[in-house]
Amino acid sequence: MNQPKIRLGDLLVQNGLISDEQLVSALGEQRKTGRKLGATLISMGLVSEQALLELLSRHLNVPLINLEQYQVNPNAVKLLPEIQARRYRALVIEDKGDRLLVAMSDPADLNAQDNLSELLTKPFDTAVVSEAQLYDAYDTHYRKTDEIASFATELAEEYQQTDDFTLSAGVEEEQDTAVSRLLQSIFDDAVIAKASDIHIEPDENKLRIRQRVDGMLQETVIPQGNIAAALVLRLKLMAGLDISEKRLPQDGRTQVKVKGHRIDVRLSTMPVQAGESVVMRLLDQSAGVLTLDQTGMPTAILNRFRALLQRPHGMILVTGPTGSGKTTTLYGALSELNQPQRKIITVEDPVEYRLPRINQVQVNAKIDLTFSSVLRTTLRQDPDIIMVGEMRDQETVEIGLRGALTGHLVLSTLHTNDALSSAIRLLDMGAPGYLAASALRGVIAQRLVRRICDSCEETYTPTSQELFWLKHVDENIGEVVFKRGRGCQKCSQTGYKGRIGVFELLEMNDAMMDALKVGDTVGFARHARDSKGYRPLAYAALTYAKMGMTSVDEVLKLSEMVAEAGTDTEQAEDTGEYGQI
21 MNQPKIRLGD LLVQNGLISD EQLVSALGEQ RKTGRKLGAT LISMGLVSEQ ALLELLSRHL
81 NVPLINLEQY QVNPNAVKLL PEIQARRYRA LVIEDKGDRL LVAMSDPADL NAQDNLSELL
141 TKPFDTAVVS EAQLYDAYDT HYRKTDEIAS FATELAEEYQ QTDDFTLSAG VEEEQDTAVS
201 RLLQSIFDDA VIAKASDIHI EPDENKLRIR QRVDGMLQET VIPQGNIAAA LVLRLKLMAG
261 LDISEKRLPQ DGRTQVKVKG HRIDVRLSTM PVQAGESVVM RLLDQSAGVL TLDQTGMPTA
321 ILNRFRALLQ RPHGMILVTG PTGSGKTTTL YGALSELNQP QRKIITVEDP VEYRLPRINQ
381 VQVNAKIDLT FSSVLRTTLR QDPDIIMVGE MRDQETVEIG LRGALTGHLV LSTLHTNDAL
441 SSAIRLLDMG APGYLAASAL RGVIAQRLVR RICDSCEETY TPTSQELFWL KHVDENIGEV
501 VFKRGRGCQK CSQTGYKGRI GVFELLEMND AMMDALKVGD TVGFARHARD SKGYRPLAYA
561 ALTYAKMGMT SVDEVLKLSE MVAEAGTDTE QAEDTGEYGQ I
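The sequence shown: position 251 = 271 (the numbering used here), numbered continuously.
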């Protein structure tokens, strides 16, 4: 490729980016760590990665490319196997017909280029890219979808039966290996995509595998529908479930190893028309429990929430739909409360994270170890703090409320839409108004909204219809520059990357307690909206949209507002408070 041989250290010194003394220091550190000189200099803070890349680009006369915004050709990527791409820190990003374009973090590595020349079928030109962007691109473009399809085909060929699956002694080991390889690929792909859940759904003649990424499902369709029974059977064996029971739902738990990490898998099966559907929640235990500071809770709400947690008794509820981060918030609260002088007992189904010093009880309905039965015993175990995984029935609610009145701090969750409806939900579940009013101290409601991808964000002007709805959330919205994601390689063309929590906190006051005692739900809601410091979820989401962190679409979706052409705006105006919209 006729590129000049180059000593990176000398080049940096010649261009005044580092001194001779800094080079000697970096070379000494390099000998200790075995890392490349460029990475060593960057980690030592002697030169920025951008400055190093620009220097290489000029000296080697190769383009400097931002992979986050470059339209990488997925077919070109496949020309170089992933293991070789990672070994030589290279990625084929374009096929120009007679030549290829290969992005490298170190295009001065002539040894790597020689090896790539033997691996690739065409001559190539090089471009320099950020190493961090390169590794992100590996995770984006070397997904396991092709591997999954290949293993599914292999499995389908082994299983000729289309309606049912039974183990045969002669082929059991071979079949088990094929199923295991397919499942490992499915788990690998889910972790690469940062999926929170995997759905395995049999259809009449096909199998759908869906992953929930940033709250949205992404679907892969496998035409070999006859392998569904084999996958479900293998998953049941892994989770210790009854493989002969196909008529009733079952819940279990297992662990898988992906990229050196142990991933906890919460598994739920359900009989459907075409077989059994399986949903798996993925929990990376290596990530540990987030602290309250790491949840993204705004400082004003966080300080008030911490004040509630320091009260000696009372009930605090965390509410929201499934997958809204309730458990994360509760575990963050427990990690702050976890002190040697406090006894904490939790009643959970299932126990998601193991915490030291905390007595965690796993509910088991099969042996009548229910929330209510465990909670009764818990009150006799001299606890200071009790965490109940979920308020599911009247008995659990009443025991929890009475425990909160007898000197215990009780933390729990409810599945409700917002903080206002949580207290009313307690009454609906049969709790006496006086008991709920006396025990309940505060409710925190939360949701997760998608964060705009910072690599493709652009300004966005809301439509008149959208502005109308936004003004119901905050009538003093003023002149705001909103943003949205255009869609790029980094965010898989969705415009979003990651999620952020939005919160509302409702603290009980005398007016709310009086309304709750007599079951006046309308009065309770009115006093709650007028209470000091209360801001609804939609307001919190709009605040993030004003800051350019999320989009108008996410605010409207959270608020359950319909911003379509032809919507009757006069009817919407009549609804009044934005909490009702």
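Even glycine gets a Cβ: it sits at the ideal position worked out from N, Cα and C.
* **Contact under 8 Å by Cβ, G420 with L395** => On the sequence shown, position 400 is the one that residue 420 refers to. On the sequence shown, position 375 is the one that residue 395 refers to. Yes, the pair counts as a contact, with Cβ atoms nearer than the cut-off.
* From K266 to N225, what distance separates their C-alpha atoms? -> Residue numbering aside, residue 266 sits at position 246 when the sequence shown is read from its first letter. Residue numbering aside, residue 225 sits at position 205 when the sequence shown is read from its first letter. If you take the alpha carbons of K266 and N225, they lie about 19 Å apart.
* Asked: Which stretch, first to last residue, makes up the beta strand (DSSP E) that contains G272?
  -> Taking the first residue of the sequence shown as 1, we reach residue 272 at position 252. It spans 270 to 278 - the beta strand (DSSP E) in which G272 sits, taken as one unbroken run.
* If you drop the 5 nearest sequence neighbours on each side, which residues of the same chain put their C-beta closer than 8 Å to that of A456? -> Taking the first residue of the sequence shown as position 1, residue 456 is located at position 436. Closer than 8 Å at the Cβ level, and outside the excluded window around A456, lie L421, A443, L446, L447, L536.
* **Rounded separation between E486 and R506 - CA only** => Residue 486 sits at position 466 when you count from the first residue of the sequence shown. Residue 506 sits at position 486 when you count from the first residue of the sequence shown. Rounded to whole angstroms, E486 to R506 spans 19 Å at the Cα level.
* To do: Could you tell me which residues DSSP puts in a beta bridge with R232?
  => The residue given as residue 232 occupies position 212 in the sequence shown. Looking at the DSSP assignment, R232 forms a beta bridge with D217, L237.
* Which one or two residues does DSSP pair with M300 in a beta bridge? -> Mapped onto the sequence shown, residue 300 falls at position 280. According to DSSP, M300 bridges with I218, L287.
* Asked: With respect to the alpha helix (DSSP H) encompassing M335, which residues constitute its N-terminal and C-terminal limits?
  -> For the purposes of this step, residue 335 is identified with residue 315 of the sequence shown, where counting begins at 1. Per DSSP, M335 belongs to no alpha helix (DSSP H); it is in the beta strand (DSSP E), 334 to 339.
* Is I33 helix, strand or coil when you go by DSSP? -> By 1-based counting over the sequence shown, the position of residue 33 is 13. For the sequence presented, residue 33 should be read as Val rather than Ile. If DSSP states are grouped into helix, strand and coil, V33 belongs with the helices.
* Helix or strand or just coil, what does DSSP make of T390? -> Working through the sequence shown from its first residue, we reach residue 390 at position 370. Coil at T390, not helix or strand.
* Using three-state DSSP, classify H604 as helix, strand or coil. => Outside the displayed range of the chain (21 to 601) lies residue 604, so it cannot be described from this structure.
* Asked: Who does Q380 pair with in a DSSP beta bridge?
  -> For this step, residue 380 is matched to residue 360 along the sequence shown. Paired residues: T366.
* Any C-beta of chain B under 8 Å from that of K214 -> Within the model displayed, chain B is absent; a lone protein chain is all it includes.
* Presumed contact (8 Å Cβ cut-off) between F523 and P341, rounded CB distance -> For the purposes of this step, residue 523 is taken as the residue at position 503 of the sequence shown. For the purposes of this step, residue 341 is taken as the residue at position 321 of the sequence shown. Rounded, the Cβ-Cβ distance is 14 Å, inconsistent with contact.
* Asked: T390: which of D402, R412, D118, V199 sits nearest, CA to CA?
  -> Taking the first residue of the sequence shown as position 1, residue 390 is located at position 370. Nearest of D402, R412, D118, V199 to T390, Cα basis: R412.
* To do: Pull up the CB-CB distance for E478 and R519, whole angstroms please, since I reckon it's below 8 Å.
  => Counting from 1 along the sequence shown, the entry for residue 478 is found at position 458. Counting from 1 along the sequence shown, the entry for residue 519 is found at position 499. Not a contact, Cβ separation roughly 20 Å.
* Within its chain, find whatever has a CB closer than 8 Å to the CB of S39; leave out the 5 residues flanking it on each side and keep chain order. => Locating residue 39 in the sequence shown gives position 19, counting from the first residue. The residues are V33.
* Taking Cβ positions, are I242 and A169 nearer each other than 8 Å? -> Position 222 of the sequence shown, counted from the first residue, corresponds to residue 242. Position 149 of the sequence shown, counted from the first residue, corresponds to residue 169. Yes. Within cutoff.
* Classification of H492 by the beta-carbon crowding that lies within 10 angstroms, buried from 16 upward -> Locating residue 492 in the sequence shown gives position 472, counting from the first residue. Classification for H492: buried.
* What's the C-alpha gap between S512 and D234? -> Here residue 512 is taken as the residue at index 492 of the sequence shown, counted from 1. Here residue 234 is taken as the residue at index 214 of the sequence shown, counted from 1. So the alpha carbons of these two residues sit roughly 12 Å apart.
* **Which of helix, strand or coil DSSP assigns to Y480** => By one-based count along the sequence shown, residue 480 stands at place 460. Strand, per DSSP.
* To do: Compute the Euclidean distance between the alpha carbons of V417 and G539, then round it to the nearest angstrom.
  => Position 397 of the sequence shown holds residue 417. Position 519 of the sequence shown holds residue 539. Distance between the alpha carbons of V417 and G539 is about 16 Å.
* Just the Cα atoms here: how many angstroms apart are E574 and L468? -> As a position in the sequence shown, residue 574 is number 554, starting the count at 1. As a position in the sequence shown, residue 468 is number 448, starting the count at 1. Rounded to whole angstroms, E574 to L468 spans 10 Å at the Cα level.
* So A172 packs on L203, CB below 8 Å; how close in whole Å? -> Counting from 1 along the sequence shown, the entry for residue 172 is found at position 152. Counting from 1 along the sequence shown, the entry for residue 203 is found at position 183. That belief does not hold up - the Cβ atoms of A172 and L203 are roughly 11 Å apart, past 8 Å.
* Asked: Tell me which same chain residues have a C-beta within less than 6 Å of the C-beta of L87, skipping the five on either side of it?
  -> Mapped onto the sequence shown, residue 87 falls at position 67. Answer for L87: V149, Q153, A157, listed in chain order.
* According to the Cβ coordinates, are A353 and L431 closer than 8 Å? -> Counting from 1 along the sequence shown, the entry for residue 353 is found at position 333. Counting from 1 along the sequence shown, the entry for residue 431 is found at position 411. Cβ distance < 8 Å, so A353 and L431 count as in contact.
* **Coil, strand or helix - Q244 by DSSP** => As a working note, residue 244 is residue 224 in the sequence shown. Coil at Q244, not helix or strand.
* When the Cα of M258 is compared with those of L399, D284, I247, which residue comes out closest? -> Here the question's residue 258 lines up with position 238 in the sequence shown. Among L399, D284, I247, the Cα nearest to that of M258 belongs to D284.
* Does the count of Cβ pairs from the region 131 to 140 and the region 105 to 118 closer than 8 Å reach three? -> yes
* Asked: Which class does T426 belong to by DSSP, given the choice of helix, strand or coil?
  -> Taking the first residue of the sequence shown as 1, we reach residue 426 at position 406. Note: T426 maps to coil in three-state DSSP.
* Taking the beta strand (DSSP E) that I444 falls in, what are its first and last residues? -> Reading the sequence shown from its first residue, position 424 is the one you call residue 444. Note, I444: premise wrong, no beta strand (DSSP E); alpha helix (DSSP H) at 439 to 448.
* **Residues near P94 by beta carbon distance below 8 Å, same chain, minus five either side** => Locating residue 94 in the sequence shown gives position 74, where the first residue counts as 1. Once the five neighbours on either side are set aside, the close Cβ partners of P94 are H161.
* Are the CB atoms of G409 and E368 nearer to each other than 8 Å? -> Position 389 of the sequence shown, counting from 1, holds the residue named residue 409. Position 348 of the sequence shown, counting from 1, holds the residue named residue 368. Yes. Within cutoff.
* Cα separation between I62 and S475? -> Stepping through the sequence shown from its first residue, residue 62 is reached at position 42. Stepping through the sequence shown from its first residue, residue 475 is reached at position 455. The alpha-carbon atoms of I62 and S475 are separated by roughly 22 Å.
* Length of the line joining the Cα atoms of E610 and Q414 -> Residue 610 falls outside the range modelled here, since the chain spans only 21 to 601, and no answer is possible.
* **Cβ-Cβ distance between T570 and L434 below 8 Å** => Looking up residue 570 in the sequence shown gives position 550. Looking up residue 434 in the sequence shown gives position 414. Not closer than 8 Å, so no.
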